[in-house]
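A quick write-up on the structure given underneath.
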Amino acid sequence: MNIGLKAVNARITICIIALLMPFILVAATGLRLDSFSQYFYTPIGPFFVSVLALTCYMMFSNPKWIPAAIALAIVMLFPCNDYMTLHNVGAVMFFVLSAAAMIFEKQDKIMGFMMLALSPIALWDLFVVEAILLFMISTYHIRRLLLIRKILLKKEDRQVPQ
1278 MNIGLKAVNA RITICIIALL MPFILVAATG LRLDSFSQYF YTPIGPFFVS
1328 VLALTCYMMF SNPKWIPAAI ALAIVMLFPC NDYMTLHNVG AVMFFVLSAA
1378 AMIFEKQDKI MGFMMLALSP IALWDLFVVE AILLFMISTY HIRRLLLIRK
1428 ILLKKEDRQV PQ
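Position in the sequence shown (first residue = 1) + 1277 = this note's numbering.
Right under this line is the structure:
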């Protein structure tokens, strides 16, 4: 990934917002709905869709994450109440493909398998499992971006004349 420091910082910000999404959704609406997707139909819906769009855009820049980005685009473009089957298939695929992207990373293999192992919690509380899996995906990307940021800062320091 060949991006600049400003782009890395913007992506870190997107990941932090995604990480905080469960708290933002509940705090902004005063409601704890069954699924993140149901917030589409609340006043915070446009914010929710915007965060999904930014996340999707960010994921498209990494070839390993393109399949998950496509699934997330399906989730975003087909609201849960209007296109239930398509939306739910997209949501499940997003989490499975995100786990797969991590499994194919040497150091994040365990996190990917943990995502798959935790998924059955959805049978009891979908919101909680979405929050847990979102936490895992967000922290994965934040860690990667912080490494890229560190490399870019070192590169920048070497280029500054003394």
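Virtual Cβ for every residue (Gly too), placed ideally from N, Cα, C. The structure presented is a predicted model; accordingly, all values stated were derived computationally and were not measured.
Taking 8 Å as the cut-off, the beta carbon of Leu1363 is found no closer than this to the beta carbon of Phe1371. For the stretch 1365-1425, the continuous alpha helix (DSSP H) assignments of 4+ residues that do not extend past its boundaries occur at 1386-1395, in sequence order. At a Cβ-Cβ threshold of 8 Å, Ile1425 and Val1285 count as neighbours.
Relative to the Cα of Gln1315, the nearest Cα in the group Arg1288, Tyr1360 and Leu1422 belongs to Tyr1360.
Between Met1336 and the set Ser1375, Ile1398, Ile1293 and Ala1408, the nearest pair of CA atoms involves Ser1375. Under the 10 Å beta carbon count, Ala1295 is surrounded by 16 or more other beta carbons and is classified as buried.
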